[in-house]
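Engineer:
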Amino acid sequence: MQTFFQQLINGLSLGSIYALLALGYMIVYGISKLLNFAHGDVYMLGAYWGYYTINYLHFGFITALITAMIVCGLAGVIIEAVAYRPLRNAPRVAALITAIGVSFFLENGMSYLVTSDTRNFPQVIKRKTFDLGGVTISNIQLIILVTTLILMLGLMYIINYTKTGRAMRSVSTDYDAASLMGININHTVSITFALGSALAGAAGVLIGLYYNSIDPLMGMTPGIKAFVAAVLGGIGSIPGAAVGGFLIGLLETAVQAMGFSAFRDAAVYIVLIVILLVLPGGLFGKKQVEKV
Amino acid sequence: MKKNWKYNLCWLILMVAGFYLINTLMLTGVINTFLENMLVTIGINIILAVGLNLVIGFSGQFSLGHAGFMALGAYATGIMTQTMNSAGGFYLSVLVGVVLAIIVALLVGIPTLRLHGDYFAIATMGAAEIIRIVINNMKITNGAAGLFNIPQFATWDVVYIFVCLTTIVTVNFIHSRDGRAVISIRENEIAAEAMGVNTTKWKLSAFVLGAATAAIAGSLYASYLQTIVPSSFGIMESINILIFVVLGGLGSITGTFVATTLLGVLDAALQSLGVLRMVFYAVALIIIMIFKPGGLFGKWEFSFKRLLTKKQDGDMKEAGKESK
Numbered sequence: 001m002q003t004f005f006q007q008l009i010n011g012l013s014l015g016s017i018y019a020l021l022a023l024g025y026m027i028v029y030g031i032s033k034l035l036n037f038a039h040g041d042v043y044m045l046g047a048y049w050g051y052y053t054i055n056y057l058h059f060g061f062i063t064a065l066i067t068a069m070i071v072c073g074l075a076g077v078i079i080e081a082v083a084y085r086p087l088r089n090a091p092r093v094a095a096l097i098t099a100i101g102v103s104f105f106l107e108n109g110m111s112y113l114v115t116s117d118t119r120n121f122p123q124v125i126k127r128k129t130f131d132l133g134g135v136t137i138s139n140i141q142l143i144i145l146v147t148t149l150i151l152m153l154g155l156m157y158i159i160n161y162t163k164t165g166r167a168m169r170s171v172s173t174d175y176d177a178a179s180l181m182g183i184n185i186n187h188t189v190s191i192t193f194a195l196g197s198a199l200a201g202a203a204g205v206l207i208g209l210y211y212n213s214i215d216p217l218m219g220m221t222p223g224i225k226a227f228v229a230a231v232l233g234g235i236g237s238i239p240g241a242a243v244g245g246f247l248i249g250l251l252e253t254a255v256q257a258m259g260f261s262a263f264r265d266a267a268v269y270i271v272l273i274v275i276l277l278v279l280p281g282g283l284f285g286k287k288q289v290e291k292v
Numbered sequence: 293m294k295k296n297w298k299y300n301l302c303w304l305i306l307m308v309a310g311f312y313l314i315n316t317l318m319l320t321g322v323i324n325t326f327l328e329n330m331l332v333t334i335g336i337n338i339i340l341a342v343g344l345n346l347v348i349g350f351s352g353q354f355s356l357g358h359a360g361f362m363a364l365g366a367y368a369t370g371i372m373t374q375t376m377n378s379a380g381g382f383y384l385s386v387l388v389g390v391v392l393a394i395i396v397a398l399l400v401g402i403p404t405l406r407l408h409g410d411y412f413a414i415a416t417m418g419a420a421e422i423i424r425i426v427i428n429n430m431k432i433t434n435g436a437a438g439l440f441n442i443p444q445f446a447t448w449d450v451v452y453i454f455v456c457l458t459t460i461v462t463v464n465f466i467h468s469r470d471g472r473a474v475i476s477i478r479e480n481e482i483a484a485e486a487m488g489v490n491t492t493k494w495k496l497s498a499f500v501l502g503a504a505t506a507a508i509a510g511s512l513y514a515s516y517l518q519t520i521v522p523s524s525f526g527i528m529e530s531i532n533i534l535i536f537v538v539l540g541g542l543g544s545i546t547g548t549f550v551a552t553t554l555l556g557v558l559d560a561a562l563q564s565l566g567v568l569r570m571v572f573y574a575v576a577l578i579i580i581m582i583f584k585p586g587g588l589f590g591k592w593e594f595s596f597k598r599l600l601t602k603k604q605d606g607d608m609k610e611a612g613k614e615s616k
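Protein chains in written order, with the working numbering: chain A, 1 to 292; chain B, 293 to 616.
1. What separation, rounded to the nearest whole angstrom, lies between the Cα atoms of B/Leu-599 and B/Phe-549?
2. The beta strand (DSSP E) that contains A/Val-135, what's its start and end?
3. What three-state label does DSSP hand A/Met-118 in the structure shown?
4. Just to confirm my understanding: we take B/Ala-397, look at its own chain, exclude 5 residues before and 5 after, and list those with CB closer than 7 Å. What are they?
5. For a test of the three-state rule: what should DSSP assign to A/Ser-190, helix, strand or coil?
6. Put B/Asp-665 into one of helix, strand or coil per three-state DSSP.
7. Do we get a CB-CB distance below 8 Å when we pair B/Gly-418 with the residues of chain A?
8. Under 7 Å Cβ-Cβ, which residues of chain A neighbour B/Met-581?
9. What's the gap between the Cα of A/Gly-11 and the Cα of B/Met-330?
10. For A/Asp-131, report the span of its beta strand (DSSP E) as first-last.
11. Secondary structure at B/Leu-554, three-state DSSP: helix, strand or coil?
12. Which residues in chain B have a C-beta closer than 7 Å to the C-beta of A/Asn-108? List them in chain order.
13. Output yes if chain A places a C-beta closer than 8 Å to the C-beta of B/Val-332; else output no.
14. Run down chain B in chain order and give the residues with a C-beta less than 7 Å from the C-beta of A/Ser-111.
15. Kindly say whether B/Tyr-367, judged by its beta-carbon, lies nearer than 8 Å to any beta-carbon of chain A.
16. Quick check on the burial criterion: 16 or more other C-beta atoms within 10 angstroms. Buried or exposed for B/His-358?
17. Note down, in chain order, each residue of its chain lying with its Cβ closer than 6 Å to the Cβ of B/Ile-533, except the 5 sequence neighbours on either side.
18. Measuring CB to CB, does B/Gly-556 end up less than 8 Å from B/Gly-547?
19. Hey, does B/Val-633 have any beta-carbon neighbour from chain A nearer than 8 Å?
20. Counting only Cβ pairs nearer than 9 Å, list the residues of chain A close to B/Pro-522.
21. Would you tell me roughly how many angstroms separate the C-alpha atoms of B/Leu-306 and B/Tyr-312, rounded to the nearest one?
22. Which residue or residues does DSSP assign as beta-bridge partners of B/Leu-439?
23. Please work out which residues of its chain come closer than 6 Å, Cβ to Cβ, to B/Ala-560, disregarding the five sequence neighbours upstream and downstream, and give them in chain order.
24. Please check if any C-beta of chain B sits within less than 8 Å of the C-beta of A/Ala-226.
25. Are there 16 or more other CB atoms within 10 angstroms of the CB of B/Val-474, so buried, or fewer, so exposed?
26. Once DSSP output is grouped into helix, strand and coil, what is the label at A/Gly-111?
27. Around the C-beta of A/Ala-94, are 16 or more other C-beta atoms found within 10 angstroms, so that it is buried, or is it exposed?
28. Beta-carbon of A/Ala-242 versus every beta-carbon of chain B: anything under 8 Å?
29. Count the other C-beta atoms from every protein chain shown that fall within 10 angstroms of the C-beta of B/Arg-469, then say buried if there are 16 or more, exposed otherwise.
30. DSSP three-state label for A/Ser-172, please.
31. In terms of alpha-carbon separation, which member of B/Ile-334, B/Asn-296, B/Val-521 and B/Val-567 lies closest to B/Met-430?
32. In whole angstroms, give me the CA-to-CA distance for B/Ser-615 and B/Ile-578.
33. Can you grab the Cα-Cα spacing for the pair B/Phe-525 / A/Leu-96, in whole Å?
34. Sorted by chain position, which residues of the same chain lie with C-beta nearer than 7 Å to A/Tyr-84's C-beta, five sequence neighbours on each side aside?
35. For B/Gly-409, return the contacting residues in chain A, with the cut-off set at a CB-CB distance below 8 Å.
36. Please list, in chain order, the chain A residues whose beta carbon lies closer than 8 Å to that of B/Phe-413.
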């Protein structure tokens with residue numbers, strides 16, 4: 001029972017990182033119908049921003065987190081404006097290939113700039129562990145959980161209760177109708193990319209703190225897993241993406257705890273394929289009917 | 293068939309001439325080991341890229357799992373030729389790799405080909421990763437350390453012949469009635485279905501044929517390099533193959549040949565740049581997609597028929613192409 005709760009806490013901490021990534025992935029996918037392969041690499045940028053600012057500018061955790069979010073948000077806006085906007089009316093395949101190109105560019109560009117070595121993330125917060133009846137929880141895990149919850153609620157507030165959020169929802173429902181209603185599409189898409197990428201940046205700093213190691217290719221697998229989480233929860237549903245993220249985190253920890261750590265990634269892909277076949281709409285998603 | 297003999301003869305002459313050209317250059321010493329290595333790499337990449345172009349460019353299914361099928365072929369050869377160290381063993385292992393790839397492609401394709409666009413891309417990518425992870429954790433494949441000292445049977449001439457064979461099979465498939473069914477799915481799946489095309493069947497056959505050629509390329513790769521590790525069949529490899537296809541043009545086999553050769557030569561020339569080379573490729577990929585989404589050649593194909601039959605009016609040309 002103790003191991004179960006211990007793994008549950010570990011799974012939730014990892015899951016909250018995936019949830020943050022999945023939320024960003026989902027809102028971007030929802031609004032631009034684009035599989036943003038570069039999302040995981042923006043998360044890598046966030047981790048490197050944390051690394052450099054904490055090491056060289058001696059930022060605290062909160063400052064590093066907030067600046068990383070701003071910088072990654074900007075990066076997201078730039079990526080959208082340079083690479084995705086010219087292709088908004090192009091075939092889907094062209095946009096998908098461009099997304100792969102952007103991801104490839106960020107990975108190799110960072111490998112070139114900062115070398116592909118794995119680095120130790122500075123431990124800006126002293127690790128303490130609390131013992132709760134045999135189950136240990138570290139302060140870093142608590143920070144990750146709390147930060148994730150705050151950011152998630154913030155995103156939900158923006159999307160559900162602000163004017164910008166309403167614009168975002170309307171653009172993702174019907175692109176043309178929204179633009180006829182006087183919504184500035186470019187502006188709304190930019191804001192969406194900024195929000196999604198900011199969440200990814202926050203996740204990058206948090207994962208650096210949690211796993212203590214970063215490298216330029218770190219974003220590739222989590223990016224795909226975040227998409228799996230978004231699909232699992234149902235594209236278009238914010239609670240769905242969050243739940244999906246937590247579930248993927250729990251699944252990974254469970255597979256690892258059962259001694260199949262080598263097949264951790266494989267389990268996630270199998271879940272993806274099964275979900276796509278059995279429940280294409282995801283847990284909380286809407287069913288879509290194909291129309292001519 | 294009969295009325296095409298002239299053009300088929302042209303292609304045959306071209307292939308034989310290419311073979312003898314390389315052979316003479318090899319004998320006279322113009323092509324050294326470095327250049328030979330480059331040519332063989334280009335050849336293997338052509339097989340991979342032609343197969344992927346069939347899947348993406350002609351059937352319109354965005355597969356990101358090509359490297360997984362390549363891994364199957366590579367490991368079939370790597371494992372089998374260690375016990376059967378003969379040319380016969382090598383060809384048997386190629387066959388086993390192809391059969392394996394066909395079985396896996398059917399297993400992956402039947403459920404996932406129902407998915408559209410992005411979902412299919414992610415699902416095939418996941419499937420390829422699963423293949424890689426399984427190989428990475430099996431005893432017979434020697435895990436993450438990979439296989440080495442694989443006997444070399446795939447010399448440049450074997451690779452050359454396989455490039456010709458796989459291309460002939462693929463191009464003939466595209467130009468057949470079945471190939472037109474495949475292309476119609478790319479153009480409009482719902483319309484094709486309404487016209488009585490069994491979309492699942494033809495999507496699947498294109499996918500399986502692509503997988504089979506990828507397995508052949510994998511076998512050649514393993515046998516030529518003599519060393520294989522699971523990490524070289526990851527998503528990066530799939531994207532590399534994708535770059536060849538996209539640069540040449542989705543739906544143009546000629547384009548694939550030109551782009552693969554061009555990038556192969558560039559690769560060899562820019563080897564000293566290291567990672568920076570990849571940055572250039574990434575930028576090139578983005579720029580091509582923004583300014584010329586069709587790739588360098590679009591859907592244009594080189595054809596002896598068009599070259600030999602003097603310019604008639606446009607309609608005739610189109611009709612001629614159709615009836616090939």
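We put the CB at the ideal spot given by N, CA and C, even for glycine. Small disclaimer: the values here were computed from a predicted structure and weren't measured.
Structural biologist: The structure says:
1. The C-alpha of B/Phe-549 is placed about 19 Å away from the C-alpha of B/Leu-599.
2. Run containing A/Val-135: 135-138, per the beta strand (DSSP E) assignment.
3. Met is not the amino acid found at residue 118 of chain A; the sequence shown has Thr there. Residue state, collapsed to three classes: coil.
4. So the list reads Phe-361, Phe-499, Val-500 and Ala-503, once near-sequence residues are dropped.
5. Of the three classes helix, strand and coil, the one that applies to A/Ser-190 here is helix, per DSSP.
6. Residue 665 of chain B lies beyond the range of chain B shown here (293 to 616); nothing can be said about it.
7. So, interface residue.
8. The answer, in chain order, is Leu-87, Ala-94, Ile-97, Thr-98 and Gly-101.
9. For A/Gly-11 and B/Met-330, the distance between alpha carbons rounds to 47 Å.
10. Counting along the chain, the unbroken beta strand (DSSP E) around A/Asp-131 starts and ends at 129-132.
11. Taken through DSSP and simplified to helix, strand or coil, B/Leu-554 comes out as helix.
12. Those are Val-567, Met-570, Val-571 and Ala-574, listed as they occur along chain B.
13. False, the Cβ-Cβ gap to chain A never drops below 8 Å.
14. Here the neighbours are Val-567.
15. No, B/Tyr-367 lies away from the interface with chain A (no Cβ there is under 8 Å from its Cβ).
16. Buried, because 16 or more other Cβ atoms sit within 10 Å of the Cβ of B/His-358.
17. So the list reads Leu-340, Ala-341, Leu-344 and His-358, once near-sequence residues are dropped.
18. Taking 8 Å as the cut-off, the beta carbon of B/Gly-556 is found no closer than this to the beta carbon of B/Gly-547.
19. Nothing about residue 633 of chain B can be read from this structure; chain B reaches only from 293 to 616.
20. At a beta-carbon threshold of 9 Å, none of the residues of chain A lie near B/Pro-522; the nearest stands roughly 11 Å away.
21. If you take the alpha carbons of B/Leu-306 and B/Tyr-312, they lie about 10 Å apart.
22. Bridge partners of B/Leu-439: B/Ile-520.
23. If you ignore the 5 residues before and after B/Ala-560, its C-beta comes within less than 6 Å of the C-beta of Met-330, all in its own chain and listed in chain order.
24. Chain B has no Cβ within less than 8 Å of the Cβ of A/Ala-226.
25. Buried is the call here.
26. Checking the sequence shown, residue 111 of chain A turns out to be Ser, not Gly. Note: A/Ser-111 maps to helix in three-state DSSP.
27. The residue is buried, with at least 16 neighbouring Cβ atoms inside 10 Å.
28. No - not a single Cβ of chain B is within 8 Å of the one on A/Ala-242.
29. By the neighbour-count definition (other C-beta atoms within 10 Å, threshold 16), B/Arg-469 is an exposed residue.
30. Three-state DSSP puts A/Ser-172 in a helix.
31. Nearest of B/Ile-334, B/Asn-296, B/Val-521 and B/Val-567 to B/Met-430, Cα basis: B/Val-521.
32. Any answer about B/Ser-615 is weak, because its pLDDT of 38 lies below 50 and its placement is not dependable; what the coordinates show is given next. Cα to Cα, B/Ser-615 sits roughly 36 Å from B/Ile-578.
33. Roughly 21 Å between the two C-alpha positions.
34. The answer, listed in chain order, is Ser-32, Leu-34, Ala-95 and Thr-98.
35. Per Cβ cutoff of 8 Å: Arg-92, Val-93 and Leu-96.
36. Here residue 413 of chain B turns out to be Ala, not Phe, going by the sequence shown. The answer, in chain order, is Leu-35 and Leu-96.
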